[in-house]
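Note sheet for the following structure.
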Amino acid sequence: MHTTAHAPRTERIRSLPKAEVHAHLEGCFQPAVLAQWATEAGVPMPRPREHLLAFEGLADFLHFLDWACGLASTRERLAELSYGFSQRLAESGAGYADVIVNPTHWKAWHGRLPEMIDAIDAGFASAEQDGLPPVGLCVSLLRTQSSDAAAELVDALIALGHPRVVALSIDGNEAAAGRTSPRFAEAFRRAGAAGLRRTVHAGESSGPEGVRDAIELLGADRIDHGVRAIEDPALVALLAERRIPLGICPTSNLKLGVYASIDDHPIDRLRRAGVVVSINTDDPVLLGASLEGEYALCSDAFGWSDEDLRTLARHSIDASFANADVKAKLLERLSRW
Ligand code: ADE
Ligand code: ZN
110 MHTTAHAPRT ERIRSLPKAE VHAHLEGCFQ PAVLAQWATE AGVPMPRPRE
160 HLLAFEGLAD FLHFLDWACG LASTRERLAE LSYGFSQRLA ESGAGYADVI
210 VNPTHWKAWH GRLPEMIDAI DAGFASAEQD GLPPVGLCVS LLRTQSSDAA
260 AELVDALIAL GHPRVVALSI DGNEAAAGRT SPRFAEAFRR AGAAGLRRTV
310 HAGESSGPEG VRDAIELLGA DRIDHGVRAI EDPALVALLA ERRIPLGICP
360 TSNLKLGVYA SIDDHPIDRL RRAGVVVSIN TDDPVLLGAS LEGEYALCSD
410 AFGWSDEDLR TLARHSIDAS FANADVKAKL LERLSRW
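Start counting the sequence shown at 110; every next residue gets the next number (this note's numbering).
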């Protein structure tokens, strides 16, 4: 039987107890399923089937998400998508994930946030009953929304008080939206005061100034991406000193054009500068990234040792919004890896 030289090491990475802290439910559609749903609904494909996942960059990708999520119109589809996420999480050897969902992409659910969260929760709850890892939900604003829309989402999340929802998030295209953190500061302040954690996409489609705004204006507990902080040494020092974790997604950065090759990627430089970094998939199915594959990619490129991998896994657990019990159990398993 043919086996690749990497197979044993991939197995070892799978066995590493870890968490995923930056993944979007929107990025979990199987292309064949999308094609089938589109045919059934009589909805045209955005481009030919064989190029369906050939994204031109972040703007094109976000546009695709609107199309894909628009097809997920039933409770069953949302619950199955969530259940499938938990299955892949378990296959990658992760013991917990924070998952982002951005209601703006899901046209069929507009005006029905409680029903939408309930459908997602049903998938994750049934996964957990089947012994799959627990998941927390980070409900996301889009960078192009208004401050009124942000206030409305935060009001709705606070009123709902759903135990699945652990954080307020913000994602989308900062290059297109411009500097928007001042507009969202009040929404993030209120979310924090109501006990929600705060996670902020910055330093992907924005430069280091976006990361600084995420810290100073949005009170970010964690930065999603944050990689372009590397362009400002004082900011790198601040991230390290304040131990603000970055949820880094190497394959996403390559496929969406932030860096040309893994050798150009700053994850290892950030890590060496003392920044708390974790490894994640962003939009795993649509961008073709698995958690164990991301660890392997970086480990090969930067020559990481087992001790380095253990530290990265520990950072992923520490950075997660899992409850104390889940964290303690994962850290205990990690100490025995
Ligand atoms: N939504 C889904 N993936 C994203 C990314 N990489 N950047 C910003 N928003 C996103
Ligand atoms: Zn993301």
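For glycine and all other residues, C-beta sits at the position ideal for the given N, C-alpha and C.
Cβ atoms of residue j and residue i: under 8 Å apart, would you say?
i	j	result
Ser201	Ser399	yes
Leu443	Arg423	yes
Gly356	Ala428	yes
Tyr192	Gly232	yes
Ile229	Leu246	yes
Leu167	Leu379	no
Ala128	Ala177	no
Thr308	Asp341	no
Leu439	Ile426	yes
Arg156	Ala144	no
Leu171	Ala147	no
Asp280	Ile226	no
Ala259	Phe293	yes
Val248	Pro212	yes
Leu269	Pro223	yes
For residue i, which three-state DSSP category applies?
i	result
Ser387	strand
Arg352	coil
Val367	coil
Leu327	coil
Leu277	strand
His219	coil
Gly240	coil
Ser399	coil
Ala150	helix
Arg306	strand
Ala433	helix
Cys178	helix
Gly319	helix
Lys438	helix
Ser195	helix
Thr112	Legend: pLDDT at Thr112 = 45, less than 50; position of this residue unreliable, no value from coordinates given.
Ser249	strand
Ala163	coil
Where do the ends of the beta strand (DSSP E) carrying residue i lie?
i	result
Lys127	127-133
Arg65	In the structure as shown, the chain starts at 110 and stops at 446, and residue 65 therefore has no counterpart that could be examined.
Arg337	Element bounds for Arg337: n/a, residue is neither H nor E.
Ala382	Where Ala382 is concerned, there is no enclosing beta strand (DSSP E), given that its DSSP letter is neither H nor E.
Ala268	No beta strand (DSSP E) holds Ala268; the alpha helix (DSSP H) holding it covers 256-269.
Could you tell me whether any Cβ in chain D is nearer than 8 Å to the Cβ of residue i?
i	result
Arg331	The structure shown contains no chain D; it holds only a single protein chain.
Am I right that residue i and residue j are in contact with their C-beta atoms under 8 Å? What's the rounded C-beta distance?
i	j	result
Ala286	Arg252	4 Å
Val130	Asn389	6 Å
Leu277	Phe297	6 Å
His219	Leu174	Contact doesn't hold; Cβ gap of about 14 Å is too wide.
Asp391	Ala203	Not really, about 14 Å apart at Cβ, beyond 8 Å.
From which residue to which residue does the alpha helix (DSSP H) around residue i run?
i	result
Arg288	Arg288 -> no alpha helix (DSSP H), and no H or E assigned at all.
Ala428	415-428
Using the beta carbon as the reference atom, which residues fall closer than 6 Å to any heavy atom of the ligand ZN, ordered along the chain?
Here the residues come out as His131, His133, Asp280, His310, Asp333, Asp391.
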